[in-house]
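Data first, discussion second: the structure below is written as structure tokens.
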Amino acid sequence: MLVKSKNMIEKMRFAGKLLAQVMAEVDYCLKPGADTLEIDGIIENKMCALGLKPECKGYAGYRHATCISVNDGIIHGVPSKDVILNSGDFVKIDVVGSIKGYCADITRYFFIENVSSDVKKIANAAQEALDMAIEMAVPGNMVSDISASVQNCIESKGYSVIRDFAGHGIGKNLHEKPDIPNYRRRSGDFVLLEGMTLAIEPMIAQGSYEVLILDDGWTAKTADGKLAAHVEDTIVVLKGGAEILTRI
Ligand code: MF3
Ligand code: CO
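Each residue of the sequence shown is one higher than the one before, starting from 4 at the first, in the working numbering.
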């Protein structure tokens, strides 16, 4: 089911808007001294209050509503009482919520007070790569056009793209076909059709793209300890240009 009906898209749009609203309202709790487990709880409560089912919870044994990745954390940061935010931290929050069984997937980044110019630069690069990639999501283009767009944008700025994780189709399930890598790949290309719903998510690193997975089995960091950035929207491929479901 790669192409979604109007009805399915409407549910995903509703989920997407509500998720965007949640993300627009979490700034207040992202302060020095806060731990990522308490932030996860606040977001889960907000989601539930809005009728969004937290789809990460229970997914492949994951136990939280959100993934919160800090500084050299790329994705799948497991919320923890022991991860305490400091001034200058670069925080990426990844959340999946569903309405009537249809999912939307969003990642937003946040700055804890004043961050370095390096943080601002890599955050801007990831955002720019995402915005450019979304413009490629029109019928007749290929998944590889999205991938190449991200890779070109990121590498031209001197950053690297993470290989070990990819964007993905999304719908009833959080992860559906096709995979959307952030680099050109030789096999497994796909033509984009009107009505496909995709989670596009550049994951990028300041240094090497090598990844280290922590003992919790989830938290993915850069192996060299340099900064990583991640931002994500759920979109629907449309003739006149993609509609972004996860923005208000
Ligand atoms: N948004 C994340 C992704 O696309 C979802 C993480 S799955 C979880 O990979 F189990 F970690 F929540
Ligand atoms: Co995703």
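Glycine is no exception: its CB is placed at the ideal position from the N, C-alpha and C atoms.
(message) Between which residues of its own chain and K180 is the CB-CB distance below 7 Å, once the five residues before and five after are set aside?
(response) L5 and G172
(request) Return yes when the Cβ of T110 is within less than 8 Å of the Cβ of I71, no when it is not. (result) no
(message) Mapping the DSSP letters down to three states, classify M139 as helix, strand or coil.
(response) coil
(request) Report yes if the C-beta distance between V81 and H67 is below 8 Å; otherwise report no. (result) yes
(request) Taking 8 Å as the threshold, find out whether the stretch 45 to 54 comes into contact with the stretch 224 to 243 through three or more Cβ pairs. (result) no
(message) Here's the rule: buried if 16 or more other CB atoms are within 10 angstroms of the residue's CB, otherwise exposed. What is G100?
(response) buried
(message) If I measure Cβ to Cβ from A151 and keep anything under 7 Å in the same chain, skipping five residues before and after, which residues do I get?
(response) R187
(request) Could you say which of S8, G198, D97 and V214 lies nearest to E246 if we only look at CA atoms? (result) G198
(request) Note down, in chain order, each residue of its chain lying with its Cβ closer than 6 Å to the Cβ of D148, except the 5 sequence neighbours on either side. (result) M139
(message) For A208 and K124, I'd like the C-alpha separation in whole angstroms.
(response) 11 Å
(message) Can you give me the C-alpha to C-alpha distance between R272 and D227, rounded to a whole angstrom?
(response) No statement about residue 272 is possible, as the shown extent of the chain runs from 4 to 251 and does not include it.
(request) Excluding the 5 residues preceding and the 5 following K229 in the sequence, name in chain order all residues of the same chain whose CB lies nearer than 7 Å to its CB. (result) D75, A208, Q209 and G210
(message) I'd like the list of long-range same chain contacts for G170, defined as Cβ closer than 6 Å, with 5 residues on each side in sequence excluded.
(response) I183, A202, I203 and E204
(message) From the DSSP secondary-structure annotation, give me the bridge partner or partners of H79.
(response) Beta-bridge pairing links H79 to no other residue.
(request) Specify the secondary structure class of Y112 as computed by DSSP and reduced to three states. (result) strand
(request) Please confirm whether any heavy atom of the ligand MF3 lies closer than 7 Å to the CB of C70. (result) yes
(request) Determine contact between the stretch 30 to 45 and the stretch 118 to 138, defined as no fewer than three beta-carbon pairs at a distance below 8 Å. (result) no
(message) Going by DSSP in three states, S150 sits in which element: helix, strand or coil?
(response) helix
(request) Using beta-carbon positions only, say whether G19 and L248 come within less than 8 Å of one another. (result) yes
(request) Please confirm whether any heavy atom of the ligand CO lies closer than 7 Å to the CB of G170. (result) yes
(request) Starting from the Cα of G91, find the closest Cα among K84, K103, C106 and I115 and give me that residue. (result) I115
(request) May I ask you to check if the CB of A202 is nearer than 7 Å to at least one heavy atom of the ligand MF3? (result) yes
(request) Alpha carbon to alpha carbon, how far is V194 from V29? Give it in angstroms, no decimals. (result) 37 Å
(message) I'd like the list of long-range same chain contacts for T69, defined as Cβ closer than 7 Å, with 5 residues on each side in sequence excluded.
(response) D43, I46, C59, P82, I96, D97 and V98
(message) Rounding to the nearest angstrom, what Cα-Cα distance links D192 and N185 in this structure?
(response) 13 Å
(message) Taking only three categories from DSSP, how would you classify L215?
(response) strand
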